[in-house]
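Chemist: So the sequences go chain by chain: A and B. For the first sequence, my numbering assigns the number 366 to the initial residue and increments by one for each residue that follows. For the second sequence, my numbering assigns the number 366 to the initial residue and increments by one for each residue that follows.
Number of protein chains: 2
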Amino acid sequence: MQSSFHFALAAGHGPARAGLLQTAHGAIQTPAFMPVGTQGTVKAMTADALRAAGAEIILANAYHLMLRPGAERIAALGGLHRFMDWPGPILTDSGGFQVLSLGGLRTISEEGVVFRSHIDGTRHSLTPEHAVRVQHLLDATVSMVLDECTAFPATPEAACRSMELSMRWAARSRAAYQPRPGYALFGIVQGSVYPDLRRKSAASLTTLGFDGYAIGGLAVGEGHARMLAILDATLPALPPGSPRYLMGVGTPLDILEAVCRGVDLFDCVIPTRAGRTARAFTSQGVFNLRNARFAADPRPLDPACACPACRRHSRAYLHHLFKSGEMLGAMLLTWHNLHYYQQLCRSLRAAIVAGQLPAHAAALRAGWRAVDPAAELGRQPQRGDVKDAP
Amino acid sequence: MQSSFHFALAAGHGPARAGLLQTAHGAIQTPAFMPVGTQGTVKAMTADALRAAGAEIILANAYHLMLRPGAERIAALGGLHRFMDWPGPILTDSGGFQVLSLGGLRTISEEGVVFRSHIDGTRHSLTPEHAVRVQHLLDATVSMVLDECTAFPATPEAACRSMELSMRWAARSRAAYQPRPGYALFGIVQGSVYPDLRRKSAASLTTLGFDGYAIGGLAVGEGHARMLAILDATLPALPPGSPRYLMGVGTPLDILEAVCRGVDLFDCVIPTRAGRTARAFTSQGVFNLRNARFAADPRPLDPACACPACRRHSRAYLHHLFKSGEMLGAMLLTWHNLHYYQQLCRSLRAAIVAGQLPAHAAALRAGWRAVDPAAELGRQPQRGDVKDAP
Numbered sequence: 366m367q368s369s370f371h372f373a374l375a376a377g378h379g380p381a382r383a384g385l386l387q388t389a390h391g392a393i394q395t396p397a398f399m400p401v402g403t404q405g406t407v408k409a410m411t412a413d414a415l416r417a418a419g420a421e422i423i424l425a426n427a428y429h430l431m432l433r434p435g436a437e438r439i440a441a442l443g444g445l446h447r448f449m450d451w452p453g454p455i456l457t458d459s460g461g462f463q464v465l466s467l468g469g470l471r472t473i474s475e476e477g478v479v480f481r482s483h484i485d486g487t488r489h490s491l492t493p494e495h496a497v498r499v500q501h502l503l504d505a506t507v508s509m510v511l512d513e514c515t516a517f518p519a520t521p522e523a524a525c526r527s528m529e530l531s532m533r534w535a536a537r538s539r540a541a542y543q544p545r546p547g548y549a550l551f552g553i554v555q556g557s558v559y560p561d562l563r564r565k566s567a568a569s570l571t572t573l574g575f576d577g578y579a580i581g582g583l584a585v586g587e588g589h590a591r592m593l594a595i596l597d598a599t600l601p602a603l604p605p606g607s608p609r610y611l612m613g614v615g616t617p618l619d620i621l622e623a624v625c626r627g628v629d630l631f632d633c634v635i636p637t638r639a640g641r642t643a644r645a646f647t648s649q650g651v652f653n654l655r656n657a658r659f660a661a662d663p664r665p666l667d668p669a670c671a672c673p674a675c676r677r678h679s680r681a682y683l684h685h686l687f688k689s690g691e692m693l694g695a696m697l698l699t700w701h702n703l704h705y706y707q708q709l710c711r712s713l714r715a716a717i718v719a720g721q722l723p724a725h726a727a728a729l730r731a732g733w734r735a736v737d738p739a740a741e742l743g744r745q746p747q748r749g750d751v752k753d754a755p
Numbered sequence: 366m367q368s369s370f371h372f373a374l375a376a377g378h379g380p381a382r383a384g385l386l387q388t389a390h391g392a393i394q395t396p397a398f399m400p401v402g403t404q405g406t407v408k409a410m411t412a413d414a415l416r417a418a419g420a421e422i423i424l425a426n427a428y429h430l431m432l433r434p435g436a437e438r439i440a441a442l443g444g445l446h447r448f449m450d451w452p453g454p455i456l457t458d459s460g461g462f463q464v465l466s467l468g469g470l471r472t473i474s475e476e477g478v479v480f481r482s483h484i485d486g487t488r489h490s491l492t493p494e495h496a497v498r499v500q501h502l503l504d505a506t507v508s509m510v511l512d513e514c515t516a517f518p519a520t521p522e523a524a525c526r527s528m529e530l531s532m533r534w535a536a537r538s539r540a541a542y543q544p545r546p547g548y549a550l551f552g553i554v555q556g557s558v559y560p561d562l563r564r565k566s567a568a569s570l571t572t573l574g575f576d577g578y579a580i581g582g583l584a585v586g587e588g589h590a591r592m593l594a595i596l597d598a599t600l601p602a603l604p605p606g607s608p609r610y611l612m613g614v615g616t617p618l619d620i621l622e623a624v625c626r627g628v629d630l631f632d633c634v635i636p637t638r639a640g641r642t643a644r645a646f647t648s649q650g651v652f653n654l655r656n657a658r659f660a661a662d663p664r665p666l667d668p669a670c671a672c673p674a675c676r677r678h679s680r681a682y683l684h685h686l687f688k689s690g691e692m693l694g695a696m697l698l699t700w701h702n703l704h705y706y707q708q709l710c711r712s713l714r715a716a717i718v719a720g721q722l723p724a725h726a727a728a729l730r731a732g733w734r735a736v737d738p739a740a741e742l743g744r745q746p747q748r749g750d751v752k753d754a755p
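So, in structure tokens, the structure goes:
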């Protein structure tokens with residue numbers, strides 16, 4: 366596709382890559398984590414705080430924004446960057462995952478999806494062409510094709526039918542997309558947990574040609590080990606010079622393992638959602654700040670962290686804020702978690718560049734003390750789903 | 366009282382005063398508004414945001430903090446300034462108003478108040494001596510005497526009995542207080558709506574001698590006009606060289622009128638509470654950002670304002686945040702409202718210094734279009750009451 370959108374690999378270590386993604390709205394060093402701003406705001410964060418936390422690109426959601434306040438309204442107000450005060454790159458999810466998570470409220474056909482709004486029950490339809498148009502109106506730096514995010518578990522037959530529908534929708538999305546310099550459209554690999562389907566999907570998308578390739582339909586209940594196995598089967602089938610985006614993933618451990626396998630981009634609601642529920646990611650694992658053991662603890666949350674929550678406050682203060690139901694608790698812990706995720710990606714990039722990835726990865730895993738943050742959080746990550754709306 | 370706490374009048378215009386208050390934790394230009402940080406946090410504001418909004422002193426609440434997390438715990442953690450990351454001056458309300466607003470959960474005697482915690486029902490007592498000790502443990506820059514905030518309406522007899530009890534408690538508070546350089550203890554004038562009682566109360570406190578004088582028991586339902594009449598009766602009875610603090614007041618119009626009468630310090634939950642419920646104070650009056658008329662409005666909330674909500678965003682974005690239930694709406698509007706209150710006080714000070722107070726006051730009133738913000742807000746201001754806790 367014609368585009369001054371450009372991805373360059375700066376270094377590699379085995380399959381792991383350090384890259385630089387150039388866009389119309391600025392550059393992104395990869396591996397990169399995109400904070401999730403579903404409704405045109407990353408929950409509990411000002412745009413200044415997002416920048417200070419180190420974010421270079423954020424994610425917003427076409428489904429939520431087309432329903433409220435409306436894509437045409439955002440276009441009339443100057444686009445999503447101006448609306449949110451985020452002049453940097455924005456990737457928008459197409460809305461397919463959200464629509465499909467509506468369950469009984471939607472029907473899927475070859476043409477697209479007809480659904481009822483989760484806000485007011487009004488009837489809407491979303492086709493590949495409409496999803497691309499919505500994202501154009503939003504002025505998304507990176508648009509995503511409309512896909513059907515295959516439910517888990519799925520039989521091989523159902524997964525194949527679903528993947529093939531997504532491939533036809535990908536072709537229609539690509540045909541409807543209007544290239545603009547510095548903007549991009551990414552395809553999405555589907556195929557559930559079946560390596561052959563994943564490889565077929567990757568080949569279909571590669572033949573169509575996209576600016577980047579996302580891996581969808583993971584982190585939907587298949588578990589960490591199976592997710593990694595699917596990455597092992599899928600990533601070698603993607604063009605090595607294009608950015609790869611693992612949608613809706615994940616915990617720090619998920620990100621570490623995926624980076625080691627060659628993924629460049631991530632998004633997930635985990636750090637923001639955890640921050641609102643008193644959970645903090647640290648170099649020593651996950652802490653729940655509501656725990657009474659922090660009530661009189663004068664130490665910073667994570668002595669290794671330079672975020673305002675860690676530099677300015679004690680664990681005792683953060684504990685007090687959550688026990689008292691004060692918004693500042695969610696604000697500070699969201700900031701911390703996003704800072705932690707950004708720092709994690711920066712450190713992985715530096716280790717790749719320095720040829721030290723295995724040692725760094727081992728040190729990170731040891732710091733987390735083999736605690737599985739997903740288990741601590743009580744659920745597997747979900748790709749910015751409808752339930753993320755308040 | 367021995368203290369390097371110092372108040373100097375820089376200029377006056379009629380009874381109105383521009384002053385400079387020196388404390389152990391920094392200087393405060395008066396008239397000054399103190400944002401309310403009941404539970405050791407100004408709701409929805411980081412300490413950095415508070416500083417950026419122009420606050421020079423904040424208020425916290427001894428009642429709430431003694432119950433949770435406990436005054437001894439805050440002392441062990443280095444005091445309230447460090448706990449909150451607010452190195453500037455902090456004034457703490459003694460807790461009398463909060464305890465008395467508990468209604469059936471408390472009994473008052475000459476000794477003090479016995480009450481049950483609104484959090485867990487545990488039994489506590491608060492005496493003048495204990496209230497002073499709690500504030501000392503918190504390391505409050507300015508402590509307040511324990512008073513009985515007389516309910517409204519009160520008969521002259523009941524108001525007199527109540528005021529006299531407060532005066533005996535003021536004497537005991539003063540005796541219990543340990544002076545430290547740069548720290549202060551303020552007395553509180555009571556007497557309901559009866560000018561003679563107010564003058565007697567002012568005389569009692571002046572005889573005892575305090576670092577500053579608060580006017581309590583107002584903004585409890587008596588209405589704007591009667592509040593101003595009580596100020597007219599009370600302020601001339603207070604020592605002209607000491608700071609005067611009108612507790613729990615109020616709307617911008619309340620503050621304007623009280624400054625014109627010689628009040629130096631204010632606190633109120635109105636700007637923060639209004640910010641969380643989509644109401645914004647502006648040079649053109651009060652706006653409710655949930656109103657549909659703002660849905661497509663590209664203009665800044667208040668073109669005259671330099672806060673981030675006004676410089677960075679449209680009314681349409683703020684409307685979207687509140688309609689979507691996003692925390693950022695409360696964060697931005699709280700910031701704006703506090704910025705507006707600080708700017709109001711700065712502009713009143715500048716007008717006093719320039720000898721332009723009447724013209725400035727007239728321009729402010731005209732801008733507000735004779736809209737009574739209290740009516741728009743649906744209630745009269747309350748002095749940081751228990752209901753302010755989430």
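All C-beta atoms, glycine included, are put in the ideal place defined by N, C-alpha and C.
(1) Please confirm if residue 458 of chain B has its CB atom under 8 Å from at least one CB of chain A.
(2) Looking at the secondary structure, which residues open and close the beta strand (DSSP E) in which residue 650 of chain A lies?
(3) With 8 Å as the threshold, decide whether the Cβ of residue 446 of chain A is near any Cβ in chain B.
(4) Could you give the first and the last residue of the continuous beta strand (DSSP E) run that contains residue 399 of chain B?
(5) State whether the segment 692-704 of chain B contacts the segment 640-654 of chain B, with contact taken as three or more CB pairs (one from each stretch) at a distance under 8 Å.
(6) Using the three-state DSSP reduction, which class does residue 489 of chain B fall into: helix, strand or coil?
(7) Got a sec? Which residues, its chain only, sit under 6 Å from residue 753 of chain B by beta carbon, not counting five neighbours each side?
(8) The beta strand (DSSP E) spanning residue 646 of chain A covers which residue range?
(9) Starting from residue 612 of chain A and walking both ways along the alpha helix (DSSP H), at which residues does that stretch end?
(10) Mind pulling the alpha helix (DSSP H) runs of 4 or more residues that sit fully within the segment 555-639 of chain A?
(11) In or out: residue 719 of chain B buried (at least 16 other Cβ within 10 Å) or exposed?
(12) Run through DSSP, which three-state label would residue 531 of chain B get?
(13) Give a yes or no on whether 8 Å exceeds the smallest Cβ distance from residue 701 of chain B to chain A.
(14) I want to see whether chain B comes within less than 8 Å of residue 512 of chain A, judged by CB atoms only; does it?
(15) Would you say residue 500 of chain A faces chain B, with C-beta separation under 8 Å as the test?
(16) Any beta carbon of chain A sitting closer than 8 Å to that of residue 642 of chain B?
(17) Quick one: does residue 442 of chain B have its CB under 8 Å from some CB of chain A?
(18) Taking CB distances under 8 Å as the criterion, tell me whether residue 438 of chain B reaches chain A.
(19) For the beta strand (DSSP E) containing residue 381 of chain A, list its first residue and its last residue.
(20) For residue 463 of chain A, which option in A:431, A:380, A:671 and A:661 has the closest C-alpha, if you only look at C-alpha atoms?
(21) Compile a chain-ordered list of the residues in the segment 461-478 of chain B whose CB is closer than 8 Å to at least one CB of chain A.
(22) For residue 375 of chain A, I'd like the list of residues in its chain whose CB is within less than 7 Å of its CB, leaving aside the five on either flank, ordered along the chain.
(23) Let me know if residue 453 of chain A comes out buried or exposed under the rule of 16 or more other beta-carbons within 10 Å of its beta-carbon.
(24) Are the segment 513-528 of chain A and the segment 557-569 of chain A touching by the rule of at least three beta carbon pairs closer than 8 Å?
(25) Starting from residue 424 of chain B, trace the beta strand (DSSP E) in both directions and tell me its first and last residue.
(26) When the cut-off is 8 Å and only beta carbons count, does residue 621 of chain B lie next to chain A?
(27) Spatial neighbours of residue 476 of chain B within its chain, please: CB distance less than 7 Å, with the 5 preceding and 5 following residues excluded, ordered by chain position.
(28) Do you know whose CA, among A:657, A:655, A:594 and A:682, lies nearest residue 663 of chain A's CA?
(29) By Cβ distance below 8 Å, which residues in the same chain neighbour residue 565 of chain B in space, the five residues on each side in sequence not counted?
(30) Name, please, each residue of chain B whose Cβ falls closer than 7 Å to the Cβ of residue 408 of chain A.
(31) Does any residue of chain B bring its CB to less than 8 Å from the CB of residue 750 of chain A?
(32) From the beta carbon of residue 696 of chain B, is the nearest beta carbon of chain A less than 8 Å away?
(33) Mind checking if residue 704 of chain B is an interface residue toward chain A, Cβ cutoff 8 Å exclusive?
(34) For the alpha helix (DSSP H) holding residue 712 of chain B, just list the boundary residues, first then last.
(35) Please go through the same chain and pick out, in chain order, the residues whose beta-carbon is closer than 7 Å to the beta-carbon of residue 591 of chain A, but skip the five residues on each side of it.
(36) Ordered along the chain, which non-local residues of its own chain (more than five positions away) have a Cβ less than 6 Å from that of residue 471 of chain A?
Modeler: In brief:
(1) What you label residue 458 of chain B is simply residue 93 of the second sequence in a count that begins at 1. Chain A, which has no Cβ nearer than 8 Å to the Cβ of residue 458 of chain B, makes this no.
(2) Numbered from its first residue, the first sequence carries residue 650 of chain A at position 285. Looking at the DSSP string, the run of the beta strand (DSSP E) that includes residue 650 of chain A is 650-653.
(3) Counted from its first residue, the first sequence places residue 446 of chain A at position 81. It does not; no Cβ of chain B falls within 8 Å.
(4) To locate residue 399 of chain B, count along the second sequence from 1; it is residue 34. Here the beta strand (DSSP E) through residue 399 of chain B covers 397-399.
(5) yes
(6) As a working mapping, residue 489 of chain B is identified with position 124 in the second sequence. Strand.
(7) If you number the second sequence from 1, residue 753 of chain B lands on position 388. Here residue 753 of chain B scores only 38 on pLDDT, less than 50, and its place in the model should not be relied on; the value that follows carries that caveat. 403 and 634, listed in sequence order.
(8) By 1-based counting over the first sequence, the position of residue 646 of chain A is 281. Taken as a continuous stretch (DSSP letters only), the beta strand (DSSP E) holding residue 646 of chain A covers 644-647.
(9) On the first sequence, position 247 is the one that residue 612 of chain A refers to. Careful: residue 612 of chain A lies outside any alpha helix (DSSP H) and carries neither H nor E.
(10) 560-573, 589-599 and 617-626
(11) As a working mapping, residue 719 of chain B is identified with position 354 in the second sequence. With fewer than 16 other Cβ atoms within 10 Å, it is exposed.
(12) The count along the second sequence starts at 1 and reaches residue 531 of chain B at position 166. Note: residue 531 of chain B maps to helix in three-state DSSP.
(13) Within the second sequence, numbered from 1, the residue matching residue 701 of chain B stands at position 336. Not closer than 8 Å to any Cβ of chain A, the Cβ of residue 701 of chain B fails to qualify, so no.
(14) Residue mapping note: residue 512 of chain A aligns to position 147 of the first sequence, counting from 1. Residue 512 of chain A does not count as touching chain B.
(15) Position 135 of the first sequence holds residue 500 of chain A. Chain B contact via Cβ: absent.
(16) Position 277 of the second sequence, counting from 1, holds the residue named residue 642 of chain B. Not closer than 8 Å to any Cβ of chain A, the Cβ of residue 642 of chain B fails to qualify, so no.
(17) Numbered from its first residue, the second sequence carries residue 442 of chain B at position 77. Residue 442 of chain B counts as touching chain A.
(18) Taking the second sequence and counting its residues from 1, one reaches residue 438 of chain B at position 73. Chain A, which has a Cβ nearer than 8 Å to the Cβ of residue 438 of chain B, makes this yes.
(19) As a position in the first sequence, residue 381 of chain A is number 16, starting the count at 1. First-last of the beta strand (DSSP E) with residue 381 of chain A: 381-388.
(20) Position 98 of the first sequence, counting from 1, holds the residue named residue 463 of chain A. Nearest option by C-alpha distance: A:431.
(21) none
(22) Counted from its first residue, the first sequence places residue 375 of chain A at position 10. Excluding positions up to five away in sequence, the list reads 383, 384, 385 and 718.
(23) Here residue 453 of chain A refers to the residue found at position 88 when the first sequence is read from its first residue. Residue 453 of chain A is buried by the Cβ-count criterion.
(24) yes
(25) To locate residue 424 of chain B, count along the second sequence from 1; it is residue 59. 423-426 is the span of the beta strand (DSSP E), which, as asked, contains residue 424 of chain B.
(26) As a first step, residue 621 of chain B is located in the second sequence; it is residue number 256 there, counting from the start. So no, residue 621 of chain B is outside the interface.
(27) What you label residue 476 of chain B is simply residue 111 of the second sequence in a count that begins at 1. Only 492 meet the Cβ criterion.
(28) For the purposes of this step, residue 663 of chain A is taken as residue 298 along the first sequence, with counting starting at 1. Here the closest residue by C-alpha is A:682.
(29) For the purposes of this step, residue 565 of chain B is identified with residue 200 of the second sequence, where counting begins at 1. Closer than 8 Å at the Cβ level, and outside the excluded window around residue 565 of chain B, lie 528 and 556.
(30) Within the first sequence, the letter at position 43 stands for residue 408 of chain A. Within chain B, the residues near residue 408 of chain A are 691 and 692.
(31) In the first sequence, counting from the first residue as 1, residue 750 of chain A sits at position 385. Low per-residue confidence applies at residue 750 of chain A: pLDDT is 40, beneath 50, and the placement is therefore not dependable, though the value from the model is reported in the following sentence. Chain B contact via Cβ: absent.
(32) Along the second sequence, read from residue 1 onward, the residue named residue 696 of chain B stands at position 331. Yes, residue 696 of chain B counts as interfacial toward chain A.
(33) Taking the first residue of the second sequence as 1, we reach residue 704 of chain B at position 339. Output row for residue 704 of chain B: interface = no.
(34) For the purposes of this step, residue 712 of chain B is taken as residue 347 along the second sequence, with counting starting at 1. First-last of the alpha helix (DSSP H) with residue 712 of chain B: 692-718.
(35) Taking the first sequence and counting its residues from 1, one reaches residue 591 of chain A at position 226. So the qualifying residues of the chain are 558.
(36) Mapped onto the first sequence, residue 471 of chain A falls at position 106. If we look at residue 471 of chain A and ignore the five residues flanking it on each side, its Cβ neighbours are 464, 478 and 480.
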